[in-house]
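K.L.:
Numbering (UniProt numbering), first residue to last: 1 to 294. Cβ atoms here follow ideal geometry from the backbone N, Cα and C, with glycine treated the same way. None of the values given here were measured: they were computed from a predicted structure. Sharing a structure below in structure tokens format, with a few things to ask.
Here it is in structure tokens:
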């Protein structure tokens, strides 16, 4: 459990007159809060994940059987080290009976996915340019000397190509991260892996380590229309795959779902700071590697 903010504590105090007082009655009060809340989103398997609006400016993200707190530690890290990034502010973290609850601030908005197909090319370009400023700001966070790659609190690295996989030991360099990707149990025969390694550029240590969102796509970007009828990026959601990674990783991850028959032109408006043109060689090699990960 991480400390609950005063706003969340007030919410729990006010939700019931019959539940045991805090802290003893916290589980019952948490359940009552969610029962009385509006469901903003739920996964295709409702028992796995849902987001509840508890108050005008508070939501709680409920996840089942999650033993990783990367999203919460990232929100804390951004609040202290880069508050200019439009991310929710953390308000508390609780685990109980196999359920993880992340309380965070909330602002009404809509996802970019909900409006993207209706936008004109000039509006899409404006969104791209705004995101480029935000992501450049994110990538400017200094990687602390002596730190392991991955989550900011030592959660390790993640590979989410088809199968979520976590590193079993700390990774300290870009070359170590490449070894991690190539060591997947689904990575193919050793000859195939060795051949790909021969094609990779030399001196991977020259790659910068930057802060990475890890799942940048329209579903995880919120927008709103301002008083001038212009679409404005208001937030980035879902930071569970974030952390410090080699600079090319964001380009890999934001095209994770693209297919040879793709018709969504979102991929034609990718940001300059993570453009595939910057990392074309590495990206194409990773696409070959990915065919063996499925």
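Hey, is the segment 280-287 in contact with the segment 143-160, meaning 3+ C-beta pairs nearer than 8 Å?
P.N.:
As far as the Cβ criterion goes, the segment 280-287 does not touch the segment 143-160, which means the pair count is below three.
K.L.:
Rounded to whole angstroms, what is the Cα-Cα separation between residue 247 and residue 209?
P.N.:
Distance between the alpha carbons of residue 247 and residue 209: 6 Å.
K.L.:
Taking the alpha-carbon of residue 207 as reference, which of 216, 180 and 173 has the nearest alpha-carbon?
P.N.:
It is 173 whose Cα lies nearest to the Cα of residue 207.
K.L.:
What's the call for residue 40, buried or exposed, on a 16-neighbour Cβ count within 10 Å?
P.N.:
Flag for residue 40 reads exposed.
K.L.:
Could you tell me if residue 191 is buried or exposed, where buried requires 16 or more neighbouring beta carbons within 10 angstroms of its beta carbon?
P.N.:
Classification for residue 191: exposed.
K.L.:
Provide the residue(s) that pair with residue 38 in DSSP beta bridges, ordered along the chain.
P.N.:
In DSSP, residue 38 forms a bridge with 53.
K.L.:
Rounding to the nearest angstrom, what Cα-Cα distance links residue 26 and residue 102 in this structure?
P.N.:
Each residue's alpha carbon lies about 14 Å from the other.
K.L.:
Could you give the first and the last residue of the continuous beta strand (DSSP E) run that contains residue 93?
P.N.:
Counting along the chain, the beta strand (DSSP E) containing residue 93 begins and ends at 90-96.
K.L.:
Are there three or more Cβ pairs, one per stretch, closer than 8 Å when the segment 247-262 is compared with the segment 110-118?
P.N.:
Because the criterion of three Cβ pairs below 8 Å is not met, the segment 247-262 and the segment 110-118 do not touch.
K.L.:
Can you check which of these residues, 75, 106 and 129, is closest to residue 268 by C-alpha distance?
P.N.:
It is 129 whose Cα lies nearest to the Cα of residue 268.
K.L.:
Assuming residue 138 and residue 213 make a contact with CB atoms under 8 Å, what is their CB distance in whole Å?
P.N.:
With 8 Å as the limit, residue 138 and residue 213 qualify as a contact, their Cβ atoms being about 7 Å apart.
K.L.:
Is the beta carbon of residue 15 less than 8 Å from the beta carbon of residue 32?
P.N.:
In this structure, residue 32 lies closer than 8 Å to residue 15 by Cβ.
K.L.:
Spell out the partners DSSP gives residue 267 in its beta bridges.
P.N.:
In DSSP, residue 267 forms no bridge with anything.
K.L.:
Decide yes or no for the touch test of the segment 92-106 against the segment 5-14: beta carbon pairs closer than 8 Å, at least 3 of them.
P.N.:
Taking 8 Å as the limit for Cβ pairs, the verdict is that the segment 5-14 does touch the segment 92-106.
K.L.:
Where DSSP assigns a beta bridge to residue 295, which residues make up the other side?
P.N.:
Any property of residue 295 remains undetermined from this structure, which presents the chain solely from 1 to 294.
K.L.:
Under a Cβ-count criterion, where at least 16 other Cβ atoms within 10 Å of its own Cβ denotes burial, should residue 167 be classed as buried or exposed?
P.N.:
Result: buried.
K.L.:
Drop a sphere of 10 angstroms on the beta-carbon of residue 158, count the other beta-carbons inside from all chains shown, and report buried for 16 or more, exposed for fewer.
P.N.:
Residue 158 should be labelled buried.
K.L.:
Residue 266 and residue 126 - do their beta-carbons sit closer together than 8 Å?
P.N.:
For residue 126 and residue 266, no; Cβs fall outside 8 Å.
K.L.:
With distances taken between CB atoms, is the gap from residue 194 to residue 215 smaller than 8 Å?
P.N.:
No; because the gap between Cβ atoms is not below 8 Å, this pair is not in contact.
K.L.:
Ends of the beta strand (DSSP E) at residue 63?
P.N.:
Per DSSP, residue 63 belongs to the beta strand (DSSP E) from 58-64.
K.L.:
For a test of the three-state rule: what should DSSP assign to residue 206, helix, strand or coil?
P.N.:
DSSP places residue 206 in helix when its eight states are reduced to three.
K.L.:
Go ahead and pull the three-state DSSP assignment for residue 124.
P.N.:
Looking at residue 124 - three-state DSSP - the assignment turns out to be helix.
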